[in-house]
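Take a look at the structure set out below.
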Ligand code: GLC
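Numbering (the numbering used here), first residue to last: 60 to 539.
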């Protein structure tokens, strides 16, 4: 007995017992949601689109009206507009009066995305600036308002057009919706100047105003989930709008972002997510809800932003990533090279994630030629190799060295090897065990490879001219 107590004490000293840490991922207990998530994990590749009145200015989406001294906010403003914040914000909000994307052609976007192998779309129905890209009856700050020239166009409800076009291509639809709304008086109340990204008044002092904001948010989401056909994903951005305990409110005071203290108003901003989600699922059963960066039951999957985790994550996840540099359209933006994009997809899938790749449409409603080019390149690669991507699951060892990745079929009968460098005539793999009689094929050309065991490794002889049979990443298929 005494020895056990001593051992316990020693263990506590070596590994101090921490107060229980909140889990990063809380699975939804509903089995139909789990099933839907499983299917979502089969899709692997989706398109994100950031598009709004801000797209006219070649600037960051929304952030330039946020009074925080951060590089992408203050530094992200349109040049030559002077230093006057109020004047800038008025000019920004007036972007509504010139937004006229006459070349809007979502069928063309959807066809290109489908060819590239994308299986779902997430579209910014409303970003933080509050400008609605659908016909919301709860605000006039929207594309369908008479004050916006595109309201004269029969295609004015672009959310409808986008969802319909992508659905026709067999893709799932997702509504990006910003919880913070910097246009709504219920969030940035005109009574006070805004000071940062948060609600600009005391919610404890003015609970009625916050109630109105909560109702406004619920109403808008209700519209999106009622009038726009089947919606598969509700992608909620602006994780700082969330319920907080008193303890968390205190902790947030020390939250530092880019060297600045942004959370100057770190109060609890509770929009009653349980009620919102419950109602949402009466409208759209099995709706996946992604309350980004809010640990809890309403974040059905996690969404690392502009980064790829180092390793397999033990829960459903999706990296959202810009195809160019910015989420929003910037005329001079540089698009990432196609080999890098394909490698990124492979890397993410080998770690069990999905890739949500962003393109920002132009003010006229077009993708940049470079974006189409990249989609075409990816589509050529996917045509040959997509079976190694879709519906796969990660292997325990998802990689060998830096330049080789693996995936496997769900039933474990097939494994895939991704060679990120142009292969020589042979490849040696140390982390694979093969059964006698295993069949290895080069996926792009569907030609057999011979193999033998050598030195506790597998030596595979590739078909002649294997390099020419594919590009970017070469894939081998193993059946045993
Ligand atoms: C960040 C930004 C936002 C962007 C989003 C995309 O959360 O606030 O501007 O829409 O990332 O992931």
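The C-beta atom is built at its ideal place from N, Cα and C for all residues, glycine as well.
Check your understanding: residue 468 lies in the beta strand (DSSP E); which residues open and close that run?
Key -> Sequence index remark: in the chain shown, residue 468 carries index 409 (1-based). Looking at the DSSP string, the run of the beta strand (DSSP E) that includes residue 468 is 463 to 468.
**Study point:** Distance, residue 181 Cα to residue 364 Cα
**Key:** Taking the chain shown and counting its residues from 1, one reaches residue 364 at position 305. Taking the chain shown and counting its residues from 1, one reaches residue 181 at position 122. So the alpha carbons of these two residues sit roughly 14 Å apart.
Review point. Does the region 415 to 422 come within contact of the region 452 to 459, defined as at least 3 CB pairs closer than 8 Å?
Key: Because the criterion of three Cβ pairs below 8 Å is not met, the region 415 to 422 and the region 452 to 459 do not touch.
Check your understanding: Looking at C-alpha atoms only, which residue of 192, 177 and 526 is the closest neighbour of residue 221?
Key -> Against the chain shown, residue 221 aligns to sequence position 162. 192 is the residue among 192, 177 and 526 whose C-alpha sits nearest the C-alpha of residue 221.
Check your understanding: In the region 233 to 299, which residue ranges form an unbroken alpha helix (DSSP H) of at least 4 residues, counting only runs that do not cross its ends?
Key -> Fully contained in the region 233 to 299 are the following alpha helix (DSSP H) runs of length 4 or more, in chain order: 266 to 285.
Exercise for review: Tell me whether the beta-carbon of residue 277 lies closer than 8 Å to the beta-carbon of residue 237.
Suggested key: The count along the chain shown starts at 1 and reaches residue 277 at position 218. The count along the chain shown starts at 1 and reaches residue 237 at position 178. No, the pair does not count as a contact, with Cβ atoms beyond the cut-off.
Review point. When you compare only the Cα positions, how much space is there between residue 81 and residue 353?
Key: Along the chain shown, one-based indexing puts residue 81 at 22. Along the chain shown, one-based indexing puts residue 353 at 294. Because residue 81 carries a pLDDT of 41, less than 50, the predicted location of this residue cannot be relied on, and the following value inherits that uncertainty. Using only the alpha carbons, I get a separation of about 11 Å.
Point to revise | Alpha carbon of residue 517 to alpha carbon of residue 533, nearest angstrom | key: Indexing the chain shown from 1 puts residue 517 at position 458. Indexing the chain shown from 1 puts residue 533 at position 474. Going from the Cα of residue 517 to the Cα of residue 533 covers about 17 Å.
Point to revise | Proximal residues to residue 102 (C-beta, below 6 Å), its chain only, five neighbours per side dropped | key: Here residue 102 refers to the residue found at position 43 when the chain shown is read from its first residue. Shown here for residue 102: same chain residues with a beta carbon closer than 6 Å to its own, the five before and five after excluded, namely 178 and 179 in chain order.
Point to revise | Cβ contact check for the region 338 to 358 and the region 294 to 310: 3 or more pairs under 8 Å | key: Touching, per the Cβ criterion.
Practice item. Can you have a look at residue 145 and say buried or exposed, based on whether 16 or more other CB atoms are within 10 angstroms of its CB? Key: Sequence index remark: in the chain shown, residue 145 carries index 86 (1-based). Exposed, since its Cβ has fewer than 16 Cβ neighbours within 10 Å.
Review point. Helix, strand or coil: which one does DSSP assign to residue 350?
Key: As a position in the chain shown, residue 350 is number 291, starting the count at 1. In the structure shown, residue 350 falls within a strand segment according to DSSP collapsed to helix, strand and coil.
Point to revise | Buried or exposed by the 16-neighbour rule on C-beta atoms within 10 Å, applied to residue 471 | key: Taking the chain shown and counting its residues from 1, one reaches residue 471 at position 412. The residue in question, residue 471, is exposed, as its Cβ has fewer than 16 Cβ neighbours within 10 Å.
Exercise for review: Could you check if residue 261 is buried or exposed, using at least 16 other CB atoms within 10 Å of its CB as the buried criterion?
Suggested key: To locate residue 261, count along the chain shown from 1; it is residue 202. Taking a 10 Å sphere around the C-beta of residue 261, we find fewer than 16 other C-beta atoms and assign the residue as exposed.
Practice item. Would you mind giving the Cβ-Cβ distance between residue 535 and residue 501, rounded to the nearest angstrom? I have them listed as a contact below 8 Å. Key: Against the chain shown, residue 535 aligns to sequence position 476. Against the chain shown, residue 501 aligns to sequence position 442. The C-beta distance from residue 535 to residue 501 rounds to 6 Å, short enough to meet the 8 Å contact threshold.
Review point. Along the chain, where does the beta strand (DSSP E) that runs through residue 418 open and close?
Key: In the chain shown, counting from the first residue as 1, residue 418 sits at position 359. Looking at the DSSP string, the run of the beta strand (DSSP E) that includes residue 418 is 413 to 418.
**Study point:** Test item: CB-CB of residue 245 and residue 215 under 8 Å
**Key:** Here the question's residue 245 lines up with position 186 in the chain shown. Here the question's residue 215 lines up with position 156 in the chain shown. The Cβ-Cβ distance between residue 245 and residue 215 does not fall below 8 Å.
Review point. Does the separation of the CB atoms of residue 84 and residue 475 fall below 8 Å?
Key: Counting from one through the chain shown, the residue named residue 84 turns up at place 25. Counting from one through the chain shown, the residue named residue 475 turns up at place 416. One thing to note: residue 84 has its Cβ no nearer than 8 Å to the Cβ of residue 475.
Exercise for review: Just list the beta strand (DSSP E) runs in the region 355 to 406, keeping only unbroken ones of 3 residues or longer that don't cross its boundaries, in chain order.
Suggested key: Note on the region 355 to 406: whole beta strand (DSSP E) runs with a minimum of 3 residues are 377 to 381, in chain order.
Review point. So what's residue 477 in DSSP terms, helix, strand or just coil?
Key: Translated into positions along the chain shown, residue 477 becomes position 418. Strand, per DSSP.
Review point. Quick one: what's got a C-beta closer than 7 Å to residue 379's C-beta in the same chain, skipping five residues either side?
Key: For this step, residue 379 is matched to residue 320 along the chain shown. Correct list, in chain order: 107, 362, 364, 415 and 417.
**Study point:** residue 251, buried or exposed, once every other Cβ within 10 Å from all chains shown has been counted against 16
**Key:** Start at 1 with the first residue of the chain shown, and residue 251 comes out as number 192. Exposed: under 16 other Cβ atoms inside 10 Å.
Review point. Considering only C-alpha positions, which residue in the set 158, 92 and 176 is nearest to residue 400?
Key: In the chain shown, counting from the first residue as 1, residue 400 sits at position 341. For residue 400, the closest of 158, 92 and 176 by C-alpha to C-alpha distance is 176.
Review point. Is it right to say residue 257 is buried, meaning 16 or more other beta carbons lie within 10 angstroms of its own, or is it exposed?
Key: For the purposes of this step, residue 257 is identified with residue 198 of the chain shown, where counting begins at 1. Answer is buried; the Cβ neighbour count reaches 16.
**Study point:** residue 266 burial status per 10 Å Cβ neighbour count (16 or more: buried)
**Key:** In the chain shown, residue 266 corresponds to position 207, counting from 1. Classification of residue 266: exposed, given that the 10 Å Cβ count is below 16.
**Study point:** Classification of residue 185 by the beta-carbon crowding that lies within 10 angstroms, buried from 16 upward
**Key:** Residue mapping note: residue 185 aligns to position 126 of the chain shown, counting from 1. So residue 185 counts as buried.
Check your understanding: Is residue 121 near the ligand GLC, in the sense that its beta carbon is under 7 Å from a heavy atom of that ligand?
Key -> Here residue 121 refers to the residue found at position 62 of the chain shown. Checking every heavy atom of the ligand GLC against the Cβ of residue 121, one is found closer than 7 Å.
Exercise for review: With DSSP collapsed to three states, give me the class of residue 301.
Suggested key: Indexing the chain shown from 1 puts residue 301 at position 242. Annotated three-state conformation of residue 301 is coil, per DSSP.
Review point. How would you label residue 321, buried or exposed, when you count the other beta carbons within 10 angstroms and need 16 or more for buried?
Key: Against the chain shown, residue 321 aligns to sequence position 262. Because residue 321 carries a pLDDT of 49, less than 50, the predicted location of this residue cannot be relied on, and no value is offered for it.
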